[in-house]
Amino acid sequence: MKPALAACIIAFAWILGYLVGPAVRPLLEIKEAEETVEEKPEDDTNVVSLGNARIDLSRVTQDQLPALVIIQRTVELKEAGLEIRLEAGDPVKALRLEGDKVVVSPTDMDIPITMPVDNTDLVKQLIRIGVPVITTEPATPSNPTPAPLPTPVTPAPATPSPTNPVPPSAPVAVTPSHTPTNPVPTPSPTVPNTPATPATPATPATPATPAFPSTPTSPSAPATPSAPPPGPLPATEIVSIMKSHIQGGGLKEFTADQVTNWTAGQPEVVDGVGYQTGTVIYTTQTLFGSRELEAKAYIKDGKVAKWVWPKSGIELK
Numbered sequence: 592m593k594p595a596l597a598a599c600i601i602a603f604a605w606i607l608g609y610l611v612g613p614a615v616r617p618l619l620e621i622k623e624a625e626e627t628v629e630e631k632p633e634d635d636t637n638v639v640s641l642g643n644a645r646i647d648l649s650r651v652t653q654d655q656l657p658a659l660v661i662i663q664r665t666v667e668l669k670e671a672g673l674e675i676r677l678e679a680g681d682p683v684k685a686l687r688l689e690g691d692k693v694v695v696s697p698t699d700m701d702i703p704i705t706m707p708v709d710n711t712d713l714v715k716q717l718i719r720i721g722v723p724v725i726t727t728e729p730a731t732p733s734n735p736t737p738a739p740l741p742t743p744v745t746p747a748p749a750t751p752s753p754t755n756p757v758p759p760s761a762p763v764a765v766t767p768s769h770t771p772t773n774p775v776p777t778p779s780p781t782v783p784n785t786p787a788t789p790a791t792p793a794t795p796a797t798p799a800t801p802a803f804p805s806t807p808t809s810p811s812a813p814a815t816p817s818a819p820p821p822g823p824l825p826a827t828e829i830v831s832i833m834k835s836h837i838q839g840g841g842l843k844e845f846t847a848d849q850v851t852n853w854t855a856g857q858p859e860v861v862d863g864v865g866y867q868t869g870t871v872i873y874t875t876q877t878l879f880g881s882r883e884l885e886a887k888a889y890i891k892d893g894k895v896a897k898w899v900w901p902k903s904g905i906e907l908k
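Numbering (this note's numbering), first residue to last: 592 to 908.
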């Protein structure tokens, strides 16, 4: 009997597996395939950081690239057989981005130079103009594990200490020292009527002192009109101020002997401050020979306040 029952069970299991197996096998293969898939890490080759912010340079378009960037550290390199030295603080032209590097060129020559982005202020300028920033704040786990609750401690019941009851004290009887036989009433003193004090007559009011007519004051003198604001300086004085400033060593970029043209400009207002302006054309030597450049002076109170390059607005030292 038992071998026949076992044979029936085996036959039933074989038939059930034959019928159900084809439907279950694809589900098992899909589950196994999902478990073997691995997430690929995000490619951050083009991501640069500045403080708590990161920028993906691959998403920066050519239109968002500034015209000029500032060198942060002195660079000495050789390009096209020439030795080039870029000092910290020098402006250079930003040409394009290549991965996590930027291709720049000196302002007085057309030689492309590739350098790391963090050697310039490019990231600061991109953040300033509103390029999307990737924050580096730590992500919050989707299913945080709750901390275990502290086990409550049940205080032990206090055992009352036995107290010896204090028996109530017996009342004490108070016995008077003597009892008066015929008490004599004490007469109350009679208070005589005091006459009312007559009222003091009111003191008459002192008559007010007549007011004397005030002494007429002399009419105030008419206000002196303020002097009109000074007008624009003549062209000869603007040129003289620029020459004196350069000859006195106030500018290191070029000397008065390099200047080929002196021109007085129009008054301008910068950050709410009015200036007289003047421009000069000077000649300088570059790797490609002699070249003429333009500089602009802002004059305030008869002195040169600063020199700038007119096109970029960068101040000259």
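C-beta atoms are modelled at their ideal positions from N, C-alpha and C, and glycine is treated no differently.
The beta strand (DSSP E) with Arg-585 in it runs from where to where? The question about residue 585 has no answer here: the residues shown for the chain are numbered 592 through 908.
Practice prompt. Could you spell out where the alpha helix (DSSP H) holding Arg-719 opens and where it closes?
Written response: 713-720
Gly-856 and Gly-869 look like a contact to me (Cβ under 8 Å); what is the Cβ gap, rounded to whole Å?
5 Å
Bridge partner(s) assigned by DSSP for Ser-696: Lys-684
Quiz item: How long is the line joining the alpha carbons of Leu-884 and Val-666, rounded to whole angstroms?
Solution: 23 Å
Q) With 16 other CB atoms within 10 Å as the buried threshold, where does Pro-682 fall? A) buried
- [ ] Assuming Trp-900 contacts Ala-886 (C-beta within less than 8 Å), just tell me the rounded distance between them.
- [x] 7 Å
*Look at the alpha carbon of Thr-827 and the alpha carbon of Trp-853, and state the distance between them as a whole number of angstroms.*
10 Å
(Q) Taking 8 Å as the limit between beta carbons, can you name the residues of its chain near Ala-598, skipping five residues before and five after? (A) none
Let me know the secondary structure DSSP gives Gly-865 once reduced to three states.
-> strand
**Q.** Ala-685 to Gly-839 span [Cα, whole Å]
**A.** 35 Å
### Query
How many angstroms separate the CA atom of Pro-613 from the CA atom of Ile-600?
21 Å
* Assign Thr-652 to buried or exposed, taking buried as 16 or more other Cβ atoms, counted over all protein chains shown, within 10 Å of its Cβ. => exposed
*asked:* Among Leu-677, Leu-713, Glu-678, Gly-880, whose alpha-carbon lies nearest the alpha-carbon of Lys-692?
replied: Leu-713
(request) Tell me whether the beta-carbon of Met-706 lies closer than 8 Å to the beta-carbon of Val-695. (result) yes
For Arg-616 and Thr-627, the rounded distance between their alpha carbons: Note on Thr-627: pLDDT 46, under 50, position unreliable in the model; the coordinate value appears next. Their backbone Cα atoms lie some 17 Å apart in a straight line.
Check: From the beta carbon of Arg-616, is the nearest beta carbon of chain B less than 8 Å away?
Finding: Judged by its chain identifiers, the structure shown contains no chain B, having just a single protein chain.
What's the call for Leu-648, buried or exposed, on a 16-neighbour Cβ count within 10 Å? buried
Between Pro-858 and the rest of its own chain, which residues show a CB-CB distance below 8 Å, the 5 nearest in sequence each way excluded? Pro-823, Gly-865, Tyr-866, Gln-867, Thr-868
Worksheet entry | Rounded separation between Pro-807 and Ser-835 - CA only | Per-residue confidence for Pro-807 stands at a pLDDT of 45, beneath the threshold of 50, marking its modelled position as unreliable; no derived number is given.
| query | How many Å lie between Thr-875 and Leu-688 at the Cα? | reply | 30 Å
- Message: Just to confirm before moving on: does the CB-CB distance between Val-722 and Ile-646 stay below 8 Å?
- Response: yes
List the residues that DSSP assigns as beta-bridge partners of Ile-662. Thr-711
Among residues of its own chain, excluding the 5 on either side of Met-700, which ones have a beta-carbon nearer than 8 Å to its beta-carbon? Thr-877, Leu-878, Phe-879
N- and C-terminal bounds of the alpha helix (DSSP H) containing Lys-834 = 826-838
Where Trp-898 falls: helix, strand or coil (DSSP): strand
Report task. Mind reading off the beta-carbon distance from Gln-663 to Thr-711? Whole number of angstroms is fine, and I expect it under 8 Å. Result -> 6 Å
Once you ignore the five residues that flank Gly-698 on each side, which residues in its own chain have a CB closer than 7 Å to its CB? A small fix is needed here, since residue 698 is Thr in this sequence, not Gly. Excluding sequence neighbours, Thr-698 sits near Pro-682, Val-683, Lys-684.
Notebook entry, point to check: CA-CA distance, Ala-847 and Met-833?
Noted result: 9 Å
**Asked** Exposed or buried, what is Trp-605 when buried is set at 16 or more other beta-carbons lying within 10 Å of its beta-carbon?
**Response** exposed
ask   = How many angstroms separate the CA atom of Ser-881 from the CA atom of Leu-842?
value = 20 Å
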